[in-house]
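Enquirer:
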Amino acid sequence: MAAAPGSTVPVIILKEGTQRTRGREAQAANIMVAKAIAEAMRTSLGPRGMDKMLVDSFGDIVITNDGATILKEMDVEHPVAKMLVEVAKAQDEEVGDGTTTAVVVAGELLAKAEELIEKEIHPSLIIEGYKKAAAEALRILDEIGAPVDPQDKDYLVRIAKTSLASKLVGEYAEHLAKVAVEAVLKVARLENGKWKVDLDDIKIEKKEGMSVVDTMLIEGIVLDKEVVHPDMPKLVRNAKIALLDAPLEIEKTEFDAKLHIETPEQMRAFMEQEERMLKEMVDKIAATGANVVFCQKGIDDLAQHFLARKGILAVRRIKKSDMEKLAKATGGRVISRIDDLTPEDLGKAQLVEERRVGEDKMVFVEGCENPRAVTILVRGGTQRIVDEAERSIKDAINVVKDILMEPKIVAGGGAIETELALRLRDYARTLPGKEQLAVEKFAEALEIVPIQLAENAGLDPVESIVTLRSKHKEGEKWYGVDVLGNRLHDVMSLNVIDPVAVKKQVIKSAVEAASLVLKIDDIIAASKLSEKEGKKEGKKEEEEEEGSSKFD
Ligand SMILES: Nc1ncnc2c1ncn2[C@@H]1O[C@H](COP(=O)(O)OP(=O)(O)OP(=O)(O)O)[C@@H](O)[C@H]1O
Ligand SMILES: [Mg+2]
Numbered sequence: 027m028a029a030a031p032g033s034t035v036p037v038i039i040l041k042e043g044t045q046r047t048r049g050r051e052a053q054a055a056n057i058m059v060a061k062a063i064a065e066a067m068r069t070s071l072g073p074r075g076m077d078k079m080l081v082d083s084f085g086d087i088v089i090t091n092d093g094a095t096i097l098k099e100m101d102v103e104h105p106v107a108k109m110l111v112e113v114a115k116a117q118d119e120e121v122g123d124g125t126t127t128a129v130v131v132a133g134e135l136l137a138k139a140e141e142l143i144e145k146e147i148h149p150s151l152i153i154e155g156y157k158k159a160a161a162e163a164l165r166i167l168d169e170i171g172a173p174v175d176p177q178d179k180d181y182l183v184r185i186a187k188t189s190l191a192s193k194l195v196g197e198y199a200e201h202l203a204k205v206a207v208e209a210v211l212k213v214a215r216l217e218n219g220k221w222k223v224d225l226d227d228i229k230i231e232k233k234e235g236m237s238v239v240d241t242m243l244i245e246g247i248v249l250d251k252e253v254v255h256p257d258m259p260k261l262v263r264n265a266k267i268a269l270l271d272a273p274l275e276i277e278k279t280e281f282d283a284k285l286h287i288e289t290p291e292q293m294r295a296f297m298e299q300e301e302r303m304l305k306e307m308v309d310k311i312a313a314t315g316a317n318v319v320f321c322q323k324g325i326d327d328l329a330q331h332f333l334a335r336k337g338i339l340a341v342r343r344i345k346k347s348d349m350e351k352l353a354k355a356t357g358g359r360v361i362s363r364i365d366d367l368t369p370e371d372l373g374k375a376q377l378v379e380e381r382r383v384g385e386d387k388m389v390f391v392e393g394c395e396n397p398r399a400v401t402i403l404v405r406g407g408t409q410r411i412v413d414e415a416e417r418s419i420k421d422a423i424n425v426v427k428d429i430l431m432e433p434k435i436v437a438g439g440g441a442i443e444t445e446l447a448l449r450l451r452d453y454a455r456t457l458p459g460k461e462q463l464a465v466e467k468f469a470e471a472l473e474i475v476p477i478q479l480a481e482n483a484g485l486d487p488v489e490s491i492v493t494l495r496s497k498h499k500e501g502e503k504w505y506g507v508d509v510l511g512n513r514l515h516d517v518m519s520l521n522v523i524d525p526v527a528v529k530k531q532v533i534k535s536a537v538e539a540a541s542l543v544l545k546i547d548d549i550i551a552a553s554k555l556s557e558k559e560g561k562k563e564g565k566k567e568e569e570e571e572e573g574s575s576k577f578d
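Counting in our numbering, the sequence shown runs from 27 upward without gaps.
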């Protein structure tokens, strides 16, 4: 409420029930939320990090160590918490790894900012200082990042392994790393001296059964579908593939139409008419020379029968995203009207075959016209393991892509963060008073990474950071926490390697989030919707299309 100038009558500008929190109080409340989220995430950092079990409102369980997934599944409500979820998402989309680190660092940046606010330093000065520190950190990363040969497969495997080591499926890191590297190298292409990788070219299918070590790379597209009719061939060589997004069915009338059928003859005539139409459709397809039909919609039983008689292999109800991948892989075109189908629209592959995988059958399309189409078929003992293996291999694929695009690495295990902190403290000394404080706090905040890794490895965090700082002062720039060996060591020599691109993005995402939160000094919250209204809203969100992740 406020009073209009010259009047004592209060002017009500907010709706009844609206809550308003301002200034310090608002900042403190927001920072508290961010700290709570970071707190929840930090125990899952690194190879000795714990896993989280998340149970949603339907009772479905997800067990994961993946930061982005934890945040997504937590289903947080507070707007600041939602902002952190956005940070993790951005990190995930940009580089695919480092989501836990980004959120933990963001939380720490805010915790340190709070200390400065208590010392009467204005948030905008803190933001300023943090931005300077971040710019300097990015510069240092460029300077000390060690260049690697992006063609060196062994080395790529080692980097992918670091990303996988911290996952639930870490024991299979070697195998998954190799599959990830193979996949990325298959789809990578050199353009004007720069590597380009389109991760859409890598399809990921998962099937419960066997073990994670049976996860394999297939050169082509794998569809989680069966051939529709038992009389159809299960294997077609030199496949010519019609890609249809029209149904091979007789469309039913939209509105209620009544048919007057009075005699058996009329009935037969009616059915013959339907049969003729379906047969015509199949004849048209066959006339183009197609021996495989991939259909996004349904295929009528009778049409299946006609297709089988022509020796055509058909699959129905294929996902739209898969149709697009098939078109890209086979060089075919997705056609919406069967009348429009011409021989030029057909895609080509050396082989289309239905194979048994686990309990189910899947359709493999191999030797595609476009060699840059691969599928990773993820296997594992239980659905939960398969799901986590899929999330982990996605991280690994991203890390390999990051290296191809920016072939530079640093040592992980908190080594790079300790080194950055050291150098940022030197840099701080060149700045005026209050900014200097902010840059120093930034340096301290980065040290949360080695501190937390040490803690998760069962080492004394305070002792560890003191030792690390002095080692780095002596010039041991890759000294970090050897989590698996429970000691401090030169972790570069132990192949604990992270891409510079991931570390850069961690800094960008964390600073961006911290600044957003710090800028808020007024929270105006509308009164809650009644439960019924709320449910309506929630439902809409749930209906989002499946598979909105980075690969679909
Ligand atoms: N063997 C190891 N010894 C020490 N540190 C390791 C080792 N393997 C990985 N790390 C470190 O663990 C950290 C990554 O942990 P983790 O993968 O749990 O989190 P993230 O990458 O930030 O998030 P997410 O993978 O969930 O997106 C990195 O700092 C990495 O260098
Ligand atoms: Mg990781």
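Cβ atoms here follow ideal geometry from the backbone N, Cα and C, with glycine treated the same way.
#1: So is F390 buried or exposed if we call it buried at 16+ other beta carbons inside 10 Å?
#2: Mind checking which residues open and close the beta strand (DSSP E) that includes D592?
#3: Under the criterion of a Cβ to heavy atom distance below 7 Å, does S70 qualify as lining ligand 2?
#4: Can you check DSSP and say which residues form a bridge with P176?
#5: So does V507 have its beta carbon nearer than 7 Å to some heavy atom of ligand 1?
#6: Output the residue ranges of the beta strand (DSSP E) runs that lie fully inside the segment 359-443 and measure 3 residues or longer, sorted by chain position.
#7: Ignoring anything shorter than 3 residues, give me the beta strand (DSSP E) runs that lie fully in the segment 276-339, in order along the chain.
#8: Using only Cβ atoms and a threshold of 7 Å, which residues come within that distance of a heavy atom of ligand 2? Order them by chain position.
#9: Check whether the segment 310-325 touches the segment 341-349, taking contact to mean three or more Cβ pairs, one atom from each stretch, closer than 8 Å.
#10: The beta strand (DSSP E) that contains M79, what's its start and end?
#11: Does the distance between the C-beta of G75 and the nearest non-hydrogen atom of ligand 1 fall short of 7 Å?
#12: Measuring CB to CB, does A94 end up less than 8 Å from D77?
#13: Alpha helix (DSSP H) containing P601: first to last residue?
#14: Would V543 and A60 be called neighbours here (beta carbons separated by less than 8 Å)?
#15: Give me the Cα-Cα distance between K460 and I147, rounded to the nearest whole angstrom.
#16: Going by CA-CA distance only, name the one from L479, Q292, R302 that's closest to G511.
#17: Which residue comes first and which comes last in the alpha helix (DSSP H) that contains G196?
#18: Quick one: give me the first and last residue of the alpha helix (DSSP H) that R50 is part of.
#19: Restricting to runs no shorter than 4 residues, where is the alpha helix (DSSP H) found entirely within the segment 463-510?
#20: Kindly indicate which residue of I166, T44, T314, A437 has the alpha-carbon position closest to the one of I338.
#21: Report the rounded CA-to-CA distance for P476 versus L274, giving the unit in angstroms.
#22: Which whole-angstrom value is the C-beta distance of V210 and K427, which I expect to be below 8 Å?
#23: Going by DSSP in three states, L184 sits in which element: helix, strand or coil?
#24: Check for me: the alpha helix (DSSP H) holding K545 runs from which residue to which?
Expert: Reading it off the structure:
#1: Taking the first residue of the sequence shown as 1, we reach residue 390 at position 364. Residue environment: F390 is assigned as buried (16 or more neighbouring CB atoms within 10 Å of its CB, all protein chains considered).
#2: The structure shown does not extend to residue 592, since the chain is modelled only from 27 through 578, so no value can be given for it.
#3: For this step, residue 70 is matched to residue 44 along the sequence shown. S70 Cβ: outside cutoff for every heavy atom of ligand 2.
#4: In the sequence shown, counting from the first residue as 1, residue 176 sits at position 150. P176 is not bridged to any residue.
#5: Counted from its first residue, the sequence shown places residue 507 at position 481. Taking the Cβ of V507 as the reference point, at least one heavy atom of ligand 1 falls within a distance shorter than 7 Å.
#6: Within the segment 359-443, the complete beta strand (DSSP E) runs of at least 3 residues are 373-383, 386-394, 400-406, 434-437.
#7: Listed in chain order, they are 318-321.
#8: Here the list is D123, G124, T126, S189, S192, D421.
#9: Put simply, the segment 310-325 touches the segment 341-349. At least three CB pairs are less than 8 Å apart.
#10: Position 53 of the sequence shown holds residue 79. That run of the beta strand (DSSP E) goes 78-81.
#11: As a position in the sequence shown, residue 75 is number 49, starting the count at 1. If you check the C-beta of G75 against ligand 1, you find a heavy atom less than 7 Å away.
#12: Position 68 of the sequence shown holds residue 94. Position 51 of the sequence shown holds residue 77. Against a cut-off of 8 Å, the Cβ pair of D77 and A94 comes out as no contact.
#13: With the chain represented from 27 up to 578, any question about residue 601 goes unanswered, as that position is not in the structure.
#14: The count along the sequence shown starts at 1 and reaches residue 543 at position 517. The count along the sequence shown starts at 1 and reaches residue 60 at position 34. Taking 8 Å as the Cβ cut-off, V543 and A60 qualify as a contacting pair.
#15: For the purposes of this step, residue 460 is taken as residue 434 along the sequence shown, with counting starting at 1. For the purposes of this step, residue 147 is taken as residue 121 along the sequence shown, with counting starting at 1. Spanning the alpha carbons of K460 and I147 requires a straight line of approximately 7 Å.
#16: Working through the sequence shown from its first residue, we reach residue 511 at position 485. Relative to the Cα of G511, the nearest Cα in the group L479, Q292, R302 belongs to L479.
#17: Translated into positions along the sequence shown, residue 196 becomes position 170. Looking at the DSSP string, G196 is not in any alpha helix (DSSP H), and its letter there is neither H nor E.
#18: Walking along the sequence shown from the start, residue 50 turns up at place 24. Unbroken alpha helix (DSSP H) run through R50: 49-68.
#19: As far as the segment 463-510 is concerned, its whole alpha helix (DSSP H) runs of at least 4 residues are 474-482, 487-499.
#20: In the sequence shown, counting from the first residue as 1, residue 338 sits at position 312. Comparing Cα-Cα distances from I338 to each of I166, T44, T314, A437, the minimum goes to T314.
#21: The residue labelled residue 476 in the question sits at position 450 within the sequence shown. The residue labelled residue 274 in the question sits at position 248 within the sequence shown. The C-alpha of P476 lies about 60 Å from the C-alpha of L274.
#22: The sequence position of residue 210 within the sequence shown is 184, counting from 1. The sequence position of residue 427 within the sequence shown is 401, counting from 1. Distance from V210 to K427 at the Cβ level is roughly 6 Å; contact confirmed, criterion being Cβ atoms closer than 8 Å.
#23: The residue labelled residue 184 in the question sits at position 158 within the sequence shown. It is worth fixing the name first, because residue 184 is Arg in this sequence and not Leu. Helix, per DSSP.
#24: Here residue 545 refers to the residue found at position 519 of the sequence shown. Its alpha helix (DSSP H) spans residues 526-545.
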